[in-house]
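Colleague: In terms of the working numbering, the sequence shown has 131 at position 15, counting the first letter as 1, and numbering is strictly consecutive.
Ideal Cβ placement from N, Cα and C applies to all residues, glycine included.
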Amino acid sequence: MCMEKKFLREQYLEIRKNCKLNIEKIHSQLFSSNDFINAKTVFIYVSFGNEISTYEIIEKGFKLNKKVAVPKCIDNNLEFYYIDSFSDLKLGSYNILEPITRIQANDFENSICITPGIVFDKKGYRVGYGKGYYDRFFKEYTGIKIGLCCKECLIDDVFHDEFDVAVDYVITD
């Protein structure tokens, strides 16, 4: 299982680097979804490298007066904290922007979680960076889980085990 995921991770990091992404299409689908429209809170990663950009989603959340919560890794677990602007972020672990605010977000009612992934399958399983942070977080999270990826990174089947938690659906270009 680990070797299969490692292979998929390496293969699809390269594919993602070279895909011709229509980010506007992904954002448009998300912004017009009932889940986004009705969400009071958006749990969302801050993108880096060639990940699907989340900056526009975070900005839209601010403009619509939604609560926006971003993750920070603490003791091998993800904890989400509310932010009110991009100035509430600083460079942290793995050179990823993290919240500097201390108001922890743990109210999952009427929320969505935009979930990172390198490759997703049609059942919502994903291969991430291999640390299991989101799978552990999803054991407690009760809101809607949404993956974003380029169409080249959506495949029929991702090898998964009993610890993996699928997203509810994936939006592609």
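1. Have a look at ASN134 and LYS261 and give me their C-alpha separation to the nearest angstrom.
2. Can you check the segment 229–271 for any alpha helix (DSSP H) of at least 4 residues that lies completely inside it and give the ranges in chain order?
3. For GLU130, tell me which candidate among PHE254, HIS143, GLY165 and GLU214 has the shortest Cα-Cα distance.
4. Under a three-way DSSP split, which group does LEU129 fall into?
5. Go ahead and pull the three-state DSSP assignment for PHE159.
6. Between the segment 255–271 and the segment 234–245, do three or more beta carbon pairs fall short of 8 Å?
7. Spell out the partners DSSP gives LYS206 in its beta bridges.
8. With a cut-off of 8 Å on the beta carbons, I'd call GLY158 and LYS182 a contact; round off their distance for me.
9. Considering only residues of the same chain and omitting the five flanking positions on each side of ASP151, which have a CB-CB separation below 6 Å?
10. Cutting at 7 Å between CB atoms, please list the residues of its own chain near HIS303, excluding the five before and the five after it.
11. LYS136 lies in the beta strand (DSSP E); which residues open and close that run?
12. Just mark ILE168 as buried or exposed, buried being the case when its beta carbon has 16 or more other beta carbons within 10 Å.
13. Quick check on the DSSP output: the alpha helix (DSSP H) that includes LYS179 runs from which residue to which?
14. At the level of alpha carbons, what is the spacing between PHE196 and LEU207?
15. Below 8 Å on the Cβ atoms is my guess for ARG252 versus ASN193; work out the distance and round it to an integer in Å.
16. Are the CB atoms of ALA185 and ALA155 nearer to each other than 7 Å?
17. Hey, out of ILE190, CYS189 and ILE216, whose CA is closest to PHE202's CA?
Modeller: Taking the coordinates as given:
1. 26 Å
2. 249–254
3. GLY165
4. Annotated three-state conformation of LEU129 is helix, per DSSP.
5. strand
6. They touch, by the three-pair rule.
7. GLU214
8. Correcting the residue identity first, residue 158 is Val in this sequence and not Gly. Sure, about 5 Å apart at Cβ, within 8 Å.
9. ILE228 and ILE260
10. Here the chain comprises residues numbered 117 to 289, so residue 303 is not present and cannot be evaluated.
11. It is not in any beta strand (DSSP E) - LYS136 carries neither H nor E in the DSSP assignment.
12. buried
13. 171–179
14. 15 Å
15. 6 Å
16. no
17. ILE216
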